[in-house]
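The sequence shown: position 176 = 178 (my numbering), numbered continuously. Have a look at the structure below before the remarks.
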Amino acid sequence: MLRSDALSTEGAPLGIDKLVPDAAAAVADIRSGASIGVGGFGACGLPIVLINALLNSGTDDLEIVSNNCGTDDYGLGALLVAGRLRRVTASYIGDNPALTTKWLAGEIELELVPQGTLAERLRAGGSGIAAFYTRAGVATPIADGGLPWRYAPDGTVAVASPPRRVELFDGVPHVLEHATRTDVALVRAARGDRTGNLVFHATARNFNPLVAMAGRLTIAEVEEVVEELPPDEVHLPGVFVQRVVVVPEGTPKRIDRLTVQGQPEEWGIYR
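This is the structure in structure tokens:
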């Protein structure tokens, strides 16, 4: 659900040039209580510069929508450990023991969503589609309801998922899923231009375009800014992006799991 008071329009760049000075300025008007979609898949394509700026801003009570919630010390995990998150909607939490601990202790609300369903909820939100039916989750607690979203301090379930509407299409049951929109979206791209057109590198494309589409205010951190991108190269049109920030030179990229054989330097891999 959108919160009209979750951000201020003061200071938002007007006109065609969407480049802002730095990440701190880009996130300065995000208010506590906002819902924020975050691109990336693990550490790949993660808008780490914007996340760190949000952490430094002191904003809290945030509702996060992302494929996962980072690790204990990196990405969204840093916001979680700092106590800045109220709710997380994700499809994978296996790399973040802190999230599981806080969830079971009743300190945070967690909605687990099948990965494809989460992607489609974001795509639908950005495409003006209110809801859709999917076979994912049929005959499971996703459809039946009762999944624990928030625990009470005594270990009982304080908030549980509601049952979903199920309809037959060609004799096959499908579950109704509502689209997801967020107040703000944070994404990372390899290249962008001043009008917000973006190009993503390889698998860093993952959730980033979908998250960007679903945001009311979308902020993109880009590794390289060019004056103009050829239209045929654009992965995400600038109409979905309101602010662009250049990633500071030397910002490291983190690798989730190094699985190649031999020494990293032999493969030209930055650890």
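No residue lacks a Cβ here, since even glycine has one placed at the ideal position from N, Cα and C. Only a predicted model underlies this, so the values are computations on that prediction, with no experimental measurement involved.
Residue from the options whose Cα sits closest to the Cα of residue i
i      : options                           : result
GLY72  : LEU82, GLY194 and VAL224          : LEU82
LYS104 : ARG88, ASN54 and ALA92            : ARG88
ASP62  : LEU48, GLY96, SER34 and PRO254    : SER34
THR197 : ASN210, VAL241 and PRO250         : VAL241
ARG218 : ALA36, ASP234 and LYS20           : ALA36
PRO250 : THR261, ILE95, ARG256 and GLU225  : GLU225
ALA92  : GLY128, LEU124 and ALA80          : LEU124
LYS20  : LYS255, THR261, LEU260 and PRO239 : PRO239
GLY128 : ASN210, ILE32, ALA204 and PRO254  : ASN210
ILE18  : GLU229, HIS237 and ASP172         : GLU229
HIS237 : HIS203, THR261 and ASP156         : HIS203
7 Å Cβ cutoff met for residue i and residue j
i      : j      : result
VAL213 : VAL22  : no
VAL227 : GLY252 : no
CYS46  : ALA191 : no
ALA216 : ARG183 : yes
LEU57  : VAL29  : no
THR136 : THR119 : yes
ARG86  : LEU64  : yes
ALA154 : GLY108 : yes
Proximal residues to residue i (C-beta, below 7 Å), its chain only, five neighbours per side dropped
i      : result
PHE134 : GLU122, ALA126 and GLU179
LEU78  : VAL40, ILE53, ILE66, SER68, CYS71 and GLY72
GLU235 : VAL201
Close beta carbons around residue i, own chain, < 6 Å, minus the five adjacent residues each side
i      : result
ALA145 : GLY139, ARG166, VAL168 and VAL177
GLY44  : ASP258
LEU231 : ASP195 and ASN199
VAL243 : GLY198, THR220 and ALA222
ARG152 : GLU111, ALA160 and VAL161
LEU149 : PRO143 and SER163
GLY173 : none
GLU113 : THR91 and TRP151
Presumed contact (8 Å Cβ cut-off) between residue i and residue j, rounded CB distance
i      : j      : result
ILE221 : VAL186 : 7 Å
VAL201 : PRO49  : Incorrect: roughly 15 Å between the Cβ atoms, too far for contact.
VAL51  : ALA25  : 5 Å
VAL115 : LEU101 : Actually they are not in contact, since the Cβ atoms of VAL115 and LEU101 sit about 15 Å apart, beyond 8 Å.
PRO164 : GLY147 : 5 Å
ASN208 : GLY96  : Rounded, the Cβ-Cβ distance is 17 Å, inconsistent with contact.
ASP74  : PRO99  : 7 Å
Proximal residues to residue i (C-beta, below 8 Å), its chain only, five neighbours per side dropped
i      : result
GLY13  : For GLY13, the pLDDT reaches just 39, beneath the cut-off of 50, and the residue's location in the model is therefore unreliable, although a value from the coordinates is still provided. Within the same chain, GLY13 has close Cβ partners ALA27, ALA30 and ASP31.
SER59  : ALA26, VAL29, ALA30 and ILE32
LEU170 : HIS176
TYR94  : ASN69, ASN70 and GLN117
ALA80  : ILE53, ASN54, LEU57 and GLY72
Considering only residues of the segment 176-203, which uninterrupted beta strand (DSSP E) runs meet the minimum length of 3 residues and lie entirely inside it, listed in chain order? For the segment 176-203, whole beta strand (DSSP E) runs of length 3 or above, ordered along the chain, are 184-195.
What beta strand (DSSP E) runs, 3 residues minimum, are completely inside the segment 223-256? Within the segment 223-256, the complete beta strand (DSSP E) segments of 3 residues or longer fall at 245-248, listed in chain order.
Output the residue ranges of the beta strand (DSSP E) runs that lie fully inside the segment 25-77 and measure 3 residues or longer, sorted by chain position. Segments of the beta strand (DSSP E) lying fully in the segment 25-77: 37-40 and 64-68.
Please go through the segment 78-116 and give each complete beta strand (DSSP E) segment of 3 or more residues, from N-terminal end onward. Residue ranges of uninterrupted beta strand (DSSP E) with 3 or more members, entirely inside the segment 78-116 and ordered along the chain, are 87-92 and 111-114.
Entirely enclosed alpha helix (DSSP H) segments - the segment 123-164, minimum 4 residues: Contiguous alpha helix (DSSP H) elements confined to the segment 123-164 occur at 143-146, taking only those with 4 or more residues.
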